[in-house]
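>
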Amino acid sequence: MKIVDIKNLTKTYKKNRGIKNLTFSIEEGEIFGFIGPNGAGKSTTIRTLLNFIYPTSGSATIFGKDIIKHSKEIRQDVGYLPSEVHYYDDMKVIDLLKYSAGFYKKFNPKRMKELAERLDLDLHKKIEDLSFGNRKKVGIVQALLHEPKLLILDEPTGGLDPLMQNTFFELLAEERKKGTTIFFSSHILSEVQKMCDRVAIIKEGELVKVETIENLTKKNLKYITITFERAEPIDLKLEGIVKKEVKGNEITLLYSGDIKALLNKLNALPIKDLLIEEPTLEEVFMHYYEKGGVDNDF
Amino acid sequence: MIFKRELKRNLKSLIIWSIVLSGLILLTLSIYPQFAEQQKEMTKLLESYPESIKKAFGMNELNMGDLMGFYGVEIYMMTTLLGSIYSAILASNILAKEENEKTIEFLLSKPVTRSQIVTEKLLAVLVNILIFNGISTIASIIGFQFAKDPDVPTDTFSLLIVATILLHLTFGAIAFMLSSLMKKTRNILSISLGIVLAAYFMNVMAGISEDLEFLKYFSPFKYVDAASIINDNELKPLYIFIMAAVILISIFTAYMVYRKKDIAV
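In order, the protein sequences belong to chains Y and E. The opening position of the first sequence corresponds to residue 0 in numbering that gives the first Met the number 0, with each subsequent residue numbered one higher. The opening position of the second sequence corresponds to residue 0 in numbering that gives the first Met the number 0, with each subsequent residue numbered one higher.
1. What would DSSP say about GLU173/Y, mapped onto helix, strand or coil?
2. Under 8 angstroms between C-beta atoms, does SER99/Y make it to chain E?
3. On the criterion of 16 or more Cβ atoms from any shown chain inside 10 Å, does GLY301/Y qualify as buried, or is it exposed?
4. Beta carbons nearer than 7 angstroms to chain E: which residues of the stretch 146-167 of chain Y have them?
5. Use the C-beta contact count for TYR87/Y: other C-beta atoms within 10 angstroms, 16 or more gives buried, fewer gives exposed.
6. Per DSSP, which residues does SER56/Y bridge with? Please list them.
7. From GLU298/Y to ALA199/Y, what does the alpha carbon distance come to, in whole angstroms?
8. Is LEU237/Y near the ligand GTP, judged by its Cβ being under 7 angstroms from some heavy atom?
9. What are the residues in the stretch 164-185 of chain E lying within 8 angstroms of chain Y by C-beta distance?
10. Let me see if you follow: with CB-CB separation under 8 angstroms, is VAL117/E close to chain Y or not?
11. Using the DSSP secondary-structure output, state which residues sit across from TYR222/Y in a beta bridge.
12. Against LEU49/Y, what residues of chain E qualify as contacts under a CB-to-CB distance less than 8 angstroms, listed in chain order?
13. Could you tell me how far apart the beta carbons of PHE106/Y and ALA100/Y are, in whole angstroms, since I believe they sit closer than 8 angstroms?
14. Chain Y beta carbons: is any one of them nearer than 8 angstroms to that of GLU100/E?
15. Using a C-beta cutoff of 8 angstroms, does PHE102/Y count as contacting chain E?
16. Mind checking who TYR79/Y pairs with in its DSSP beta bridge?
17. Using the beta-carbon count (16 or more within 10 Å), is GLN37/E buried or exposed?
18. Using DSSP with H/G/I as helix, E/B as strand and the rest coil, what is GLU238/Y?
19. State the DSSP-derived secondary structure class of THR79/E, mapped to helix, strand or coil.
20. Is the Cβ-Cβ distance between ILE187/E and ILE173/E less than 8 angstroms?
21. Straight-line CA distance for LEU28/E to ALA244/E?
22. Got a sec? Which residues, its chain only, sit under 6 angstroms from ASP294/Y by beta carbon, not counting five neighbours each side?
23. Taking 7 angstroms as the limit between beta carbons, can you name the residues of its chain near ASN50/Y, skipping five residues before and five after?
24. Leaving out five residues on either side along the sequence, give the residues of the same chain with a beta carbon under 7 angstroms from the beta carbon of LYS96/E.
25. Taking MET0/E as the query, report the chain Y residues whose CB atoms sit under 9 angstroms from its CB, ordered along the chain.
26. My output table needs one value for ARG229/Y: the three-state DSSP class, helix, strand or coil.
27. Listed from N- to C-terminal order along the chain, which residues in the stretch 237-264 of chain E have their beta-carbon within a distance smaller than 8 angstroms of any beta-carbon of chain Y?
28. Among THR11/Y, ILE25/Y and ASP160/Y, which residue has its Cα nearest to the Cα of GLY57/Y?
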């Protein structure tokens, strides 16, 4: 069953770029990544799905229900974590969580305590006094508390330290085991790669591609910077070099081949330093625009 | 949920406003006995006031030596004006605050409809205004006991209270509509308070100068003028109709706007 089904969804603003003709769907039980640079339209899509804003044209359903006509029913089973959490300053954490829980049919105080404990969140602090990361934790508990069937997460890891990110990913993995569908929006490729089954890539308001992570990681694109001892022309020929740039004694590569082959080759060369990084999204995009369009093997 | 939350959030300001207004009412009414005793000299003193001042505050049409008349001139001005300011502040914040402080993203992600949000917040405004008026009415009744002859005609007094509540609801509804239309609470507050004060001064000006008398039609304060209510013992149906219309149109607009607007923070 399609949990989210988006058809030709368009939202145009007067000034800002919106989204154009988005069409994709999310299956039950999958973790679906939604990735694109800042300002690509990720939040606009999510806000339209939750009916904070009205689409200019097109339509979408969640649980088979229309996002505008049945928005309230839909939200009964949706947990939403916004990219920036803003709560009522006069409340304590526990007040907010209880207020939030009051809107749903079920409230499980035991679950609230467990979640707070796992995330190391003090329930009796004033929200006003919390750091950005701790506020985010309130947001996470608030989104998970009523055991929603669909979780919509907008840049969920921002503000969380790496340890907390791990706990958070564990929580998501548990939710998934229960059959929860997760819509995971992010601009960080690696975390989407780690968590998701499929991803939709969005750029400038338009859908570039929907792809399984398997196919994405098969490419295993790396961004490699090699510094040589001297600036002299070195002939570096290897299968899998997508792009090469030479600047003095520095060579940068976008490489999708076998890492071992690269290291063997480098071993014989006078290298001073080596840096292997995840390519940024922009570079990934560049990669397949250069190869001539979106219907490539990426 | 939202209704309860709004009552709680606005409780502090309700208490402060109620205490201040009740204190003023009690203080003012406590000087009434002396005032009534020296009525003759006082009346003379008042008569020496410039005609325009008397007109502006309705002193020319009301007998200040009489408890009801004293209430109409002294207390009524406070309950109508301060209460209108309170209502405007209360209502102008109530919807827009969520957008201004971006908490609306939280609220809208819960299973509630937009109409539900408007309804519950509107109810909170109504209940707050009613409680506020209930307290000030009780304060007035207590204050009346200072007088030697504390009896006031119940029907006239009730009319004055109803008129006051209607006035507060009128300004409350206008501010509520602005709260649905706009996002920045500071601007809404300024405009709402501006409307209340402009209306008040239009009423005063209309009393002073005959040339400016037409202004009275624009001022809800004139609709609930104490002198005409006390002297005629009625609230003019036309004025009730105008205020009811303003209230209903404002509320209707608030619903229409809020249900259809894009709320992006």
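A virtual CB, placed ideally from N, CA and C, is assigned to each residue, including glycine. Every value quoted in this text rests on a predicted model; they were computed, and no experiment measured them.
Result, derived from the coordinates:
1. Working through the first sequence from its first residue, we reach residue 173/Y at position 174. DSSP places GLU173/Y in helix when its eight states are reduced to three.
2. Locating residue 99/Y in the first sequence gives position 100, where the first residue counts as 1. SER99/Y has a beta carbon lying within less than 8 angstroms of a beta carbon in chain E.
3. Any property of residue 301/Y remains undetermined from this structure, which presents chain Y solely from 0 to 297.
4. Residues of the stretch 146-167 of chain Y with a C-beta atom less than 7 angstroms from some C-beta of chain E do not occur.
5. Stepping through the first sequence from its first residue, residue 87/Y is reached at position 88. Flag for TYR87/Y reads buried.
6. One-based indexing of the first sequence puts residue 56/Y at position 57. SER56/Y is bridged to THR9/Y.
7. With chain Y covering only 0 through 297, there is no way to say anything about residue 298/Y.
8. This structure lacks the ligand GTP, and indeed carries no ligand of any kind.
9. Of all residues in the stretch 164-185 of chain E, none is placed with a Cβ closer than 8 angstroms to any Cβ belonging to chain Y.
10. Translated into the one-based positions of the second sequence, residue 117/E becomes position 118. Output row for VAL117/E: interface = no.
11. For the purposes of this step, residue 222/Y is taken as residue 223 along the first sequence, with counting starting at 1. Note: TYR222/Y sits in a beta bridge opposite LEU253/Y and GLU276/Y.
12. Sequence index remark: in the first sequence, residue 49/Y carries index 50 (1-based). What LEU49/Y touches in chain E: LEU107 and SER108.
13. Counted from its first residue, the first sequence places residue 106/Y at position 107. Counted from its first residue, the first sequence places residue 100/Y at position 101. The beta-carbon distance between PHE106/Y and ALA100/Y, rounded to whole angstroms, is 4 angstroms. This is short enough to meet the 8 angstroms contact definition.
14. Position 101 of the second sequence, counted from the start, is the residue given in the question as residue 100/E. The Cβ of GLU100/E sits closer than 8 angstroms to at least one Cβ of chain Y.
15. Here residue 102/Y corresponds to residue number 103 of the first sequence, with the count starting at 1. With respect to chain E, the C-beta atom of PHE102/Y has a partner C-beta closer than 8 angstroms.
16. In the first sequence, residue 79/Y corresponds to position 80, counting from 1. ILE151/Y.
17. Indexing the second sequence from 1 puts residue 37/E at position 38. Burial call: exposed.
18. Mapped onto the first sequence, residue 238/Y falls at position 239. The answer is coil: DSSP assigns GLU238/Y none of H, G, I, E or B.
19. Residue mapping note: residue 79/E aligns to position 80 of the second sequence, counting from 1. In this structure, THR79/E counts as helix in the three-state DSSP scheme.
20. For the purposes of this step, residue 187/E is taken as residue 188 along the second sequence, with counting starting at 1. For the purposes of this step, residue 173/E is taken as residue 174 along the second sequence, with counting starting at 1. In this structure, ILE187/E sits away from ILE173/E, with a CB-CB distance that is not shorter than 8 angstroms.
21. On the second sequence, residue 28/E is found 29 positions in, with the first residue counted as 1. On the second sequence, residue 244/E is found 245 positions in, with the first residue counted as 1. For LEU28/E and ALA244/E, the distance between alpha carbons rounds to 34 angstroms.
22. Indexing the first sequence from 1 puts residue 294/Y at position 295. Unreliable placement is indicated for ASP294/Y, whose pLDDT of 41 sits below 50; no coordinate value is reported for it.
23. Taking the first sequence and counting its residues from 1, the one referred to as residue 50/Y is at position 51. Leaving aside the five residues that flank ASN50/Y on each side, the residues in its chain whose CB is nearer than 7 angstroms to its CB run, in chain order, ILE66, ILE67 and SER70.
24. As a position in the second sequence, residue 96/E is number 97, starting the count at 1. Cβ within range, chain order: THR184.
25. In the second sequence, counting from the first residue as 1, residue 0/E sits at position 1. Neighbours of MET0/E on chain Y, chain order: TYR98, GLY101 and PHE102.
26. Numbered from 1 along the first sequence, position 230 holds the residue referred to as residue 229/Y. In the structure shown, ARG229/Y falls within a coil segment according to DSSP collapsed to helix, strand and coil.
27. If the cut-off is 8 angstroms between Cβ atoms, the stretch 237-264 of chain E has LYS259, ASP261, ILE262, ALA263 and VAL264 near chain Y.
28. Locating residue 57/Y in the first sequence gives position 58, where the first residue counts as 1. Ranking THR11/Y, ILE25/Y and ASP160/Y by Cα distance to GLY57/Y puts THR11/Y first.
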